[in-house]
Every structure is written in structure tokens, then in C-alpha cells.
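Student: My structure is below; once you've seen it, I'll send some questions.
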Amino acid sequence: MTQQFPSVHYIISHDEINTHTFCVKIVIPTPDKNGQVLSLPAWIPGSYLVRDFCKHIGEFSAKNSNGDALSYSKLDKQRWKVEPCQQSIEIDYKVYAFDYSVRGAYLDQEFGFFNGTSVFMQVEGQQEQAVAVTLNQSQHAKTHQWKVATSLPLSDTTPLYAFGEYQAPDYQALIDHPVMMGNLDLIQFEQHGIQFDMVFVGAASLDKQRIADDVSKLCDHHLSMFSNGLDIDRYVFMTMVTDNGFGGLEHRASTALICGRNDLPSPTDNKEISENYRTFLSLCSHEFFHSWLVKRIRPQEHINANLSREAYTEQLWIFEGITSYFDDYALVRSGVVSQESYLELLGQMLTRVHRNLGKFKQTVTESSFDAWTRFYQQDENANNAIVSYYSKGAIIALCLDLYIRQNSEQKLTLVELMQTLWREYGLTPNGTHPRVIHDLCTQMGIDADNLLNQMLYSTDPLPVDNLLNQQGIEVNYQAANNYQDKGGKKLTSAIKHQFGATYNAEPSGVKITSVLNDSPASKAGLAKGDVLVALGEWQITASNLQSLIDKLTAKTTLLVFRRGKLLKLTFSPVAALKDSIYLTVKDKDLADKWLAKSI
Numbered sequence: 291m292t293q294q295f296p297s298v299h300y301i302i303s304h305d306e307i308n309t310h311t312f313c314v315k316i317v318i319p320t321p322d323k324n325g326q327v328l329s330l331p332a333w334i335p336g337s338y339l340v341r342d343f344c345k346h347i348g349e350f351s352a353k354n355s356n357g358d359a360l361s362y363s364k365l366d367k368q369r370w371k372v373e374p375c376q377q378s379i380e381i382d383y384k385v386y387a388f389d390y391s392v393r394g395a396y397l398d399q400e401f402g403f404f405n406g407t408s409v410f411m412q413v414e415g416q417q418e419q420a421v422a423v424t425l426n427q428s429q430h431a432k433t434h435q436w437k438v439a440t441s442l443p444l445s446d447t448t449p450l451y452a453f454g455e456y457q458a459p460d461y462q463a464l465i466d467h468p469v470m471m472g473n474l475d476l477i478q479f480e481q482h483g484i485q486f487d488m489v490f491v492g493a494a495s496l497d498k499q500r501i502a503d504d505v506s507k508l509c510d511h512h513l514s515m516f517s518n519g520l521d522i523d524r525y526v527f528m529t530m531v532t533d534n535g536f537g538g539l540e541h542r543a544s545t546a547l548i549c550g551r552n553d554l555p556s557p558t559d560n561k562e563i564s565e566n567y568r569t570f571l572s573l574c575s576h577e578f579f580h581s582w583l584v585k586r587i588r589p590q591e592h593i594n595a596n597l598s599r600e601a602y603t604e605q606l607w608i609f610e611g612i613t614s615y616f617d618d619y620a621l622v623r624s625g626v627v628s629q630e631s632y633l634e635l636l637g638q639m640l641t642r643v644h645r646n647l648g649k650f651k652q653t654v655t656e657s658s659f660d661a662w663t664r665f666y667q668q669d670e671n672a673n674n675a676i677v678s679y680y681s682k683g684a685i686i687a688l689c690l691d692l693y694i695r696q697n698s699e700q701k702l703t704l705v706e707l708m709q710t711l712w713r714e715y716g717l718t719p720n721g722t723h724p725r726v727i728h729d730l731c732t733q734m735g736i737d738a739d740n741l742l743n744q745m746l747y748s749t750d751p752l753p754v755d756n757l758l759n760q761q762g763i764e765v766n767y768q769a770a771n772n773y774q775d776k777g778g779k780k781l782t783s784a785i786k787h788q789f790g791a792t793y794n795a796e797p798s799g800v801k802i803t804s805v806l807n808d809s810p811a812s813k814a815g816l817a818k819g820d821v822l823v824a825l826g827e828w829q830i831t832a833s834n835l836q837s838l839i840d841k842l843t844a845k846t847t848l849l850v851f852r853r854g855k856l857l858k859l860t861f862s863p864v865a866a867l868k869d870s871i872y873l874t875v876k877d878k879d880l881a882d883k884w885l886a887k888s889i
């Protein structure tokens, strides 16, 4: 029989690689005398969607310490109850793991990855007790010399990066340490007494020293901003590298990331920071900043949240929006990128929000509350109906930072507010309330109530142009120069007419993916799924659609296939919107007070 542990013991095996299956055994020395209930979370903290991880559970069974089978029943989709037993019991089940994301579990011949919310069932009634974890090494892992990366505390007998024995003080801690295994590229550096490990799986040739230097500066920035304050001595960046991907999820002493291979520099690249690499650095900055804002400073509604159902809060604009401001802002303040590069990033964010029509329909606090059903379940109408609490929240943070500076003779900033937030809500178990930013501004002697109420609870335009202007930055508007234009740069050419829809290339034309309300595309009657084949007498392709529209001088016939039926619509040209934003410095002294390197 399995070795007995004084606490609940989880044993994870991965011998069934070809079927993408983790095998899990739980040894429970003292099960509930009335019948042990086990459950799996429905969502993972930091990602606000009910994902029903239970759908990947199979072959559940239970037995006592003599090996006799125990009966069980399912109480609901994610809870199992085993018959009463006076002995130690063992639970076995399998987890299908083929979700290549930062939120679930994945296993193939190249590597394995899992979050605790996908594999560790909670032993109800014992969730506050310490647990032991054994990560077994498969023959495949041994043959291919796989290593393990995780921030789970090691037992005294297990060396770093090895399969073996791990532990956690309770269930909540257990599920906050994802695990990666495979042939790992490792980068290490130290900041403020913390060892940082960056592990990559699937990467090509890496310029390890360059990555270490740049990410180290970002970590130094955040740690200095909060005077460290983290109760850890090691932090792990776990990165899955693929042909094209992006994502991140924060944890207490680690983060899981996905990026594209082109996002990472190789030793032969020039030393200029590419847009792709800048995106990766911003992602690292964002997730590490969450070590304070999300993992230790939390809204009241997320303190001891019930992971079997949604936990609603209006405050995600704080936790994701302010983080989304500081992730890019730290790039320039740490000296990783130039002021020009940062202003380009900011111009792109301003462009995204400016083009979004949902900002007139939904407040940022409503967006936060409805994240479960709207932001995380976007459809083709999302740009018309919802606003991002990430992007708009970041611009609100920018506005607040500039407002504080300009109402304190440039002596106070959003940084001081965040430091107070950390002292009052991070170093204590208190959760934040909806007016916490209002109150902290008042403590600083800044009257920001009217500004915050307008930005948070109305759909009025944000005063960002005026605030940037007062900080020596000019906001410039221009028409886009092509379909892919993201803003941020001054253009030398521009489109002539607006289209108002997004699309993908099709062999027979282009296929509509979304339509902006009140745009020429909307007024023509286009809808998602329509395949555009001809404008006037000319065949449509993805490469010529905009040029055909630009040449129009009057309304013309648009031929469209919808569900296999040919429709003849009318398209009328309308002048292109000036919706591409770029920023320029008009007063360097004022701009430097905001943008100059801080460390």
C-alpha cells in the first residue's frame, strides 16, 4: 500500500503521456466519519470565468487501507462523496490534460503543466491542514531528463528542479503554485534578496543574459516601489513558448506565461527592443506587479472566495487596470525602453479605447462586475457593447496619476497612493472596498472624488487629453493607414474611407468577424459570417478591400454570401475617422517629471 503521511497526501503521475492524462491519488489518513466529500474548483483565481475543471475528471474510485473498494456518489457536477470509513482511504482519478493555456492542465511528449485547480481535489473539512505532494517521475521524463519548475515548497529530501516530495500549508496555498515539467531553459537572477527563476519550454535559441538584465530591472522597479514586502525568497516565471500565443496568470510566488517564439530575443538579434519583445517584457511586468495587487491586496469579495461559484466585484478596474498602467510605465521608469517607445505603447492603448464603442454603453465598474459573463465571454458584438476594465482601467490610472501630480505641484504621484494601499491593505488581511481609491486620495490631500466618480460610474469621455497636455504631452489624432493600424505612430499616409468591420481572408473573398455599429459596414447591413466577394464590378480580397473602398465616389453594389445565399447590398463611402492616436512631447521638462528614469 501507499506510504502513510500524517496529512492529506497527493500523488501525481504522468505515465499516460500519449493520452494526455495525469493520474492522481489522494491518501486521506482521517476521512470524515460521515463520509468524505471531495470537490474541484469551478474557476481559477485571477481568471474570472467558470471553467468547470471537473469536466476533465474521469475514472474516479475509492478504497480503504486494506484495498477494499468504497462506494461513492456525485453530489453535483464538481463534488464527490465517499461512503463512511473508519480507516485511511485512497482516492484515485484521472485528469485529461490538453488545455494549452495558463489556466488549466496540459501534457504531451514535450512537456507537462498543471494548475492545482485542475488536478487537486479539495478534501472538504480539511482544507486548512498542511498537505504533502509527491510528483512521480515517469520513464519518459527520466529518459528525456525532464526537470520540474514550481514555487511549491520543497521537502528536505527533494533538490530544486527535481521530481519528488513537495508540501503546502493548506489547500489555498496548494492550488496557487502551478507546476511545469520538461526540458527547461533556465535563466536566473537575484533582486532584493529574492532568487528569480525564469524557465522556458519550447523556446528556440535565447539571449539569456539580455532577458535576465531586462526582467531584472522590471522586478527591481516593482520591489523598490513597494519596499519589497514580499514574504518569499524565490519567484518563478514559467513560460510556455509556442508559434503564436499570449497570456499570463499570476500566482503568489510565480506566474505562468505563454508567448510566441518571435517574442523572445536570440543572441544574433540586434540590441534594439522589438515590438514583440517589448510585449513579452510588459507581460512579465504585469504579472509580477500582481504579486502585490491581486495576490496580497485583494477586494473584499475575493477574500476566501468560494471557488465553486462566481465572486462578483466592481473593483477589477483597480486590480487589472492599475496593473495595466504600471506594466508599461515600469518599462520606461526602469530604463528598459525609451520615452518614445513608451509613448508609442500608450498611444496604442489610447487608440484601442478610443475605437471602442462599448465605452459609451458600459461603465468600467459595470465591466468589472460583469467580467464573468461579458468580458470573458466576448462575441462579435463585444466592441459595441462592453468596455475593457484592463484598457480603460489603465487610462483611468494614468488620469489619476497625472491629476495627483498636477494638484500637488508634481510632488505626489500614483506611486505614493499605491504605497499607502500596500501598507493598509497588503500588509493586513483587510480586503479593499469600492471607494478605497477615493479614500486614499483624500488621505493624500487630493480631492479626486468628482474625477473618480465621473471616470468610474459614468460613460463620459475621460479627461486624458487635457491631463496629458498639462504634463507636456500632445495628443494627436489621424486616420489609420491600413486595416492593421494599432495607433501609436505618426503616419505618412492614411486611408480615405471608413469600412467599419473586421474580417479574415477567405479563398473566395473576405469573411466578416465583427461589425461596428453606425459604421458604413453596419449601414450596408453586413453581419458576422458574411463573405464579401465583389464591390461594384471588382472581386474582393483581403489585400485590396480597403483600396477598393477608398476609390469609391458614390454608393455601389456589394455582393455578399450569407449562409450560402447571394445577397446584393449597397455600400456608401464615408470619410475615414481620425481614430489613430499618437503622442508627442511638447514640454520636455514637464514630461520628464512623469517619464524620467526612476531607478
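Count the sequence shown with this note's numbering and you get residues 291 to 889, in order. Think of the CB as a built atom: it goes at the ideal place given N, C-alpha and C, for glycine as much as any other residue.
With Ala784 and Ala675 assumed to form a contact (beta carbons below 8 Å), what rounded beta-carbon distance in angstroms separates them?
Tutor: Their Cβ separation, rounded to whole angstroms, is 28 Å, which puts Ala784 and Ala675 out of contact at 8 Å.
Student: Taking DSSP's pairing of strands, which residues face Leu730 in a bridge?
Tutor: In DSSP, Leu730 forms no bridge with anything.
Student: Helix, strand or coil for Gly799? Go by DSSP, reduced to three states.
Tutor: DSSP places Gly799 in strand when its eight states are reduced to three.
Student: What's the C-alpha gap between Gln638 and Ile694?
Tutor: Their Cα atoms are separated by approximately 24 Å.
Student: Which of the three DSSP states, helix, strand or coil, is assigned to Ile839?
Tutor: Residue state, collapsed to three classes: helix.
Student: For Asn594, count the other beta carbons within 10 Å of its own beta carbon; 16 or more makes it buried, fewer makes it exposed. Which is it?
Tutor: That one is exposed.
Student: With distances taken from CA atoms, which of Ala684, Asp475, Asp366 is nearest Gly611?
Tutor: Of Ala684, Asp475, Asp366, the residue nearest in Cα terms is Ala684.
Student: List, from N- to C-terminal side, the alpha helix (DSSP H) runs of 4 residues or more that fit wholly inside the stretch 532-612.
Tutor: DSSP runs (the alpha helix (DSSP H)) wholly in the stretch 532-612: 565-579.
Student: Who are the near neighbours of Gln294 in its chain, counting only those whose CB is closer than 6 Å to its CB and skipping five residues on each side?
Tutor: Low confidence applies to Gln294: its pLDDT is 48, below 50, so where it sits in the model is not reliable enough to give any reading.
Student: Distance, Cα to Cα, Phe404 vs Gln499?
Tutor: Approximately 28 Å, taken between the alpha carbons.
Student: Please name the residue, chosen from Lys364, Asp466, Ala422, Ile347, that lies closest to Ser337 on a Cα-to-Cα basis.
Tutor: It is Asp466.
Student: Straight-line CA distance for Glu380 to Asn354?
Tutor: Between Glu380 and Asn354, the C-alpha separation is close to 6 Å.
Student: Just list the alpha helix (DSSP H) runs in the stretch 345-379, keeping only unbroken ones of 4 residues or longer that don't cross its boundaries, in chain order.
Tutor: Whole alpha helix (DSSP H) segments, 4+ residues: zero.
Student: Taking DSSP as the reference, what is the three-state secondary structure of Gly402?
Tutor: Looking at Gly402 - three-state DSSP - the assignment turns out to be strand.
Student: Take every Cβ of the stretch 757-764, pair it with every Cβ of the stretch 855-871, and state whether three or more of those distances are shorter than 8 Å.
Tutor: These segments do not touch.
Student: Start and end of the alpha helix (DSSP H) containing Met708?
Tutor: Note, Met708: alpha helix (DSSP H), 704-711.
Student: Around the C-beta of Phe516, are 16 or more other C-beta atoms found within 10 angstroms, so that it is buried, or is it exposed?
Tutor: Buried.
Student: By how many angstroms is the C-alpha of Thr433 removed from the C-alpha of Gln931?
Tutor: Past the edges of the chain, shown from 291 to 889, lies residue 931, and the structure says nothing about it.
Student: Just the C-alpha distance for Gly406 and Glu565, rounded to the nearest angstrom, thanks.
Tutor: The alpha-carbon atoms of Gly406 and Glu565 are separated by roughly 33 Å.
Student: Please give me, in chain order, every unbroken run of the beta strand (DSSP E) with length at least 3 that falls completely inside the stretch 757-832.
Tutor: Runs found: 763-768, 791-796, 799-805, 821-825.
Student: In whole angstroms, what separates the C-alpha of Tyr281 from that of Val643?
Tutor: Nothing in the structure corresponds to residue 281, since the chain is present only between 291 and 889.
Student: Starting from Ile871, follow the beta strand (DSSP E) in both directions and report where the run begins and ends.
Tutor: Counting along the chain, the beta strand (DSSP E) containing Ile871 begins and ends at 870-875.
Student: Where does Lys437 sit, in a helix, a strand or coil, going by DSSP?
Tutor: Strand.
Student: Please confirm if the stretch 326-345 is in contact with the stretch 360-369, defined as three or more CB-CB distances below 8 Å between the two stretches.
Tutor: A contact exists between the stretch 326-345 and the stretch 360-369.
Student: What number of angstroms, rounded off, separates the C-alpha of Glu630 from the C-alpha of Lys876?
Tutor: Taking the straight line joining both Cα atoms gives about 13 Å.
Student: For Arg586, does the count of other Cβ atoms within 10 angstroms reach 16, so buried, or fall short, so exposed?
Tutor: Arg586 comes out buried.
Student: Across the stretch 621-629 and the stretch 695-702, are there enough close Cβ pairs to call them in contact, namely three or more that are closer than 8 Å?
Tutor: Verdict: no, contact absent.
Student: Using a 10 Å radius around the Cβ and a threshold of 16 neighbouring Cβ atoms, would you call Met291 buried or exposed?
Tutor: Model confidence at Met291 stands at a pLDDT of 38, short of 50, so the residue's coordinates are unreliable; what they give is reported in the following sentence. Per the 10 Å Cβ criterion, exposed.
Student: When you compare only the Cα positions, how much space is there between Asp553 and Asp869?
Tutor: So the alpha carbons of these two residues sit roughly 27 Å apart.
Student: What does the Cβ neighbour count give for Tyr300, buried or exposed, with the cut at 16 atoms within 10 Å?
Tutor: When all chains shown are included, Tyr300 counts as buried.
Student: With DSSP as the reference, identify every bridge partner of Gly472, one or two as the case may be.
Tutor: DSSP, once it has assigned bridges, lists Phe401, Lys437 as partnering Gly472.
Student: Let me make sure I understand the geometry here. Which of Ser575, Glu562, Ser657, Trp582 has the alpha-carbon closest to that of Thr603?
Tutor: Closest by alpha carbon: Ser657.
Student: Would you report the Cα separation of Thr803 and Ala817, rounded to the nearest angstrom?
Tutor: Using only the alpha carbons, I get a separation of about 8 Å.
Student: Alpha helix (DSSP H) containing Thr655: first to last residue?
Tutor: Element bounds for Thr655: 654-659.
Student: In or out: Thr655 buried (at least 16 other Cβ within 10 Å) or exposed?
Tutor: Thr655 is buried by the Cβ-count criterion.
Student: By Cβ distance below 8 Å, which residues in the same chain neighbour Leu621 in space, the five residues on each side in sequence not counted?
Tutor: Closer than 8 Å at Cβ, skipping near neighbours: Leu508, Arg568, Leu571, Ser572, Ser575, Val627, Ser631, Tyr632, Leu635.
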